[in-house]
Amino acid sequence: MKPLVAIVGRPNVGKSTLFNRLARRRIALVEDIPGVTRDRHYWDVDYDGRDITIIDTGGFVPGEKDSLLQQVREQAQLAVEECDAIIFVTDARVGLTSADQDVAHYLRQSGKPVVVAANKLDSESGTLQALAGEFFKMGLGEVFPISAEHGLGVGSMMETVMGKLPPLSPEELAAREQAARAEEAAEAGEGGEEGAEEAPAEDEEERPIRVAIIGRPNVGKSTLVNALLKEKRVVASEVPGTTRDPIDSELTYKDRKVILTDTAGIRRKKTIAHRVEKFSVVAALKSMERSDVAVLLMDATEPAVDQDAKLAGIAEEKGRALVIVVNKWDLISTDKRKQELFREDLKHALKFVHYAPIVFTSALTGSKVEKVLELAVELAVQFRYRAPTPQLNRLLEHMSDNHPAPIVGRGPLRLYYMAQVGTAPPTFAITCNRPDGVPDMYKRYITNQLRGTFDLRVPIRLLFRERP
Ligand code: GDP
Ligand code: GDP
């Protein structure tokens, strides 16, 4: 699970400047998804060998209508609820303000790891650096004089932030090692040979399937979770985690153990006074991080395509399997044609996740609720599917015969071998003569062929490599 690091502070202290500076280390995206990539307020970055997600909470809580104090409080609340560490940015040229003190009070009580950045200290001159001293009064510990604009002091501040994050779990360490080995093997290998893609077979049947239930507030997430738990007539065993882990619910479906992640958050939510809509993006980001499958709920009576598309985009970008659930269908119609029209519109609006199945449910009456679980389990299996190499190369041959690769630059694009180099999501490496010159249209063609051949309704990643 990638730790989340939040940046909070008053407007104009330099949060986005700091965010943009840190985002320079971002992990390359596979594909830009319109509407999701634009105007982003979070990035996955690699900081000294560890992947973290940084969030500019100012971007999530713009609150034009709210008072300044309320905006900053909401940001802090978001950070405290969802994040593992907090960077509290202040403007050292302006000095300590009462809004800063108010937030500091709240952060102190939360017990979350916080570092204070005294920003806009653009030179290392002693008099300037001394301005940072005032912020010690907030009682949040060490204060780092930084210049977000010029990068001064940011390194040592980040070192402290990284030190405050929860340590890597043994599974995370093992997964890292495995990924490094797979990468090495793939680089050394011919692509087509055995070995590279044969990661140690885990007990697939034993592995619990982790499902994140995501969606805007009030779409019916907790009603659905309760319906699922009731349907299976199991008492939800709440698996108590550390303070870092939310509480999950477990159930068994067709002999597979299924864990609904962060359902405690869903239940708990009711008691939190003000839940701003934007918060659901961060909560979703976080629970998707820990799951194989995301179940995205939408409200049939109130489609909010932008918000829903954003969540679907995160699932695609994070490479998670996705089930799209149109809930509260009982309030719409029993007419099959109406459903088909709705489905067509939705497919169009969410083109970038065209592979994701769509179900129409009523969490209230229980209609089609079990179908959600059935699909989640099905997709979880596809998510970890391993395609046999000989079959992949037959497919490659078939593609070259039927739909030859286009001419690229100085000559025809030649595809030599294809091998699966990873799962979750299925990732295929193709050895070819011009790895950089494969047109997007041809990539889509290959992806669709893979989907069709192996019945994969999950995200697929393609890598193109030169023959060693
Ligand atoms: P936000 O509202 O907290 O996200 O603040 P911004 O990142 O938009 O920055 C507000 C203003 O402060 C902009 O004009 C920035 O150029 C300026 N700023 C940000 N960081 C620094 C810095 O380190 N030094 C100086 N001198 N100005 C800065
Ligand atoms: P959450 O915020 O996403 O967890 O949403 P809730 O599960 O709390 O549901 C919000 C409201 O929608 C509640 O009043 C539910 O009773 C209602 N609701 C949830 N699912 C359905 C449904 O399928 N049909 C109808 N008619 N109402 C629903």
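Counting from 668, one number per residue, gives the positions in the sequence shown under this note's numbering. We put the beta carbon where it would ideally sit given N, CA and C, even for glycine. All figures in this text were calculated on a predicted structure; none of them were measured in a lab.
In the DSSP assignment, Ala746 falls within the unbroken alpha helix (DSSP H) covering Leu735 to Glu749.
Leaving aside the five residues that flank Tyr1083 on each side, the residues in its chain whose CB is nearer than 7 Å to its CB run, in chain order, Thr1098, Cys1099 and Arg1134. Taking C-alpha positions only, Gly762 is separated from Val781 by approximately 19 Å.
Non-local beta-carbon contacts of Lys995 in its own chain, meaning distances under 7 Å to residues more than five positions away in sequence, involve Gly887, Asp966, Ala967, Thr968 and Ser1029 in chain order. Of the residues assessed, Lys804 falls on the exposed side of the cut-off, its CB having fewer than 16 other CB atoms within 10 angstroms.
Using a Cβ distance threshold of 7 Å, Val1125 and Phe1019 do not count as a contacting pair. Short of 8 Å from the beta carbon of Met955, and not among the five residues preceding or following it, lie these beta carbons of its own chain, in chain order: Ala879, Ile881, Ala961, Ile981, Ala982, Lys985 and Arg987.
Taking the Cα positions, Val1048 is about 16 Å away from Arg1128. Every residue with a CB closer than 6 Å to a heavy atom of ligand 2 is listed here in chain order: Gly882, Pro884, Asn885, Val886, Gly887, Lys888, Ser889, Thr890, Ile933, Asn994, Lys995, Asp997, Leu998, Ser1029, Ala1030 and Leu1031.
In the DSSP annotation of this structure, the continuous segment of the beta strand (DSSP E) that includes Ile991 starts and ends at Ala988 to Asn994. Placement of the Cβ of Gly725 at a distance of less than 6 Å from at least one heavy atom of ligand 1 is found. If one requires a minimum length of 3 residues, the beta strand (DSSP E) runs lying completely within the segment 795 to 860 are 810 to 812, in chain order.
Residues Tyr714 of the same chain have their beta carbon placed closer than 7 Å to that of Met825, with the five preceding and five following residues left out of the count. The beta carbon of Ser683 sits closer than 6 Å to at least one heavy atom of ligand 1.
If you draw a straight line from the Cα of Met1085 to the Cα of Ala1091, it comes to about 18 Å. Straight-line measurement puts the Cα of Arg957 at about 7 Å from the Cα of Thr928.
The DSSP assignment places 972 to 984 and 1003 to 1016 as complete runs of the alpha helix (DSSP H) inside the segment 969 to 1039, in order along the chain (cut-off: 4 residues). Looking at the DSSP output, Asn786 shares a beta bridge with Asp758. Within the chosen limit of 6 Å, ligand 1 does not reach the beta carbon of Glu838 with any heavy atom.
In the same chain as Leu1059, and ignoring 5 residues on each side of it, the C-beta atoms closer than 6 Å to its own belong to Met1085, in chain order.
Here the alpha carbon of Arg707 sits roughly 10 Å from the alpha carbon of Asn687. Sequence-distant partners of Ala841 (beyond 5 residues in either direction) whose C-beta falls short of 6 Å from its own C-beta are missing from its chain.
Relative to ligand 1, Ser790 has its C-beta separated by 6 Å or more from all heavy atoms. Residue pairing of Asp713 in beta bridges, as defined by DSSP: Asp718. In this structure the segment 1005 to 1019 does not touch the segment 1037 to 1044; the number of beta carbon pairs closer than 8 Å is below three. Counting of Cβ neighbours within 10 angstroms places Thr1001 among the exposed residues, the total staying below 16.
Annotation for Ile674: the continuous beta strand (DSSP E) segment containing it runs Leu671 to Val675. In this model, Asp915 and Ala894 are separated by some 15 Å (Cα to Cα). If you check the CB distance, Ala785 and Thr757 come in under 7 Å.
Cβ neighbours of Lys779 within its own chain (closer than 6 Å, five residues either side excluded): Val747 and Ile753. From the listed residues Tyr1112, Pro678 and Asp751, the smallest Cα separation to Ala1072 is found for Tyr1112.
By the CB criterion at 7 Å, Arg677 and Ala771 fall outside the cutoff. Counting along the chain, Met965 sits inside the beta strand (DSSP E) bounded by residues Val960 to Asp966. In the DSSP assignment, the residues bridged to Leu1130 are Ala1096.
Residues of the same chain with a CB within less than 8 Å of the CB of Asn679, apart from the 5 flanking positions on each side, are Asp758 in chain order. Here Ala752 carries a strand assignment [DSSP, helix/strand/coil].
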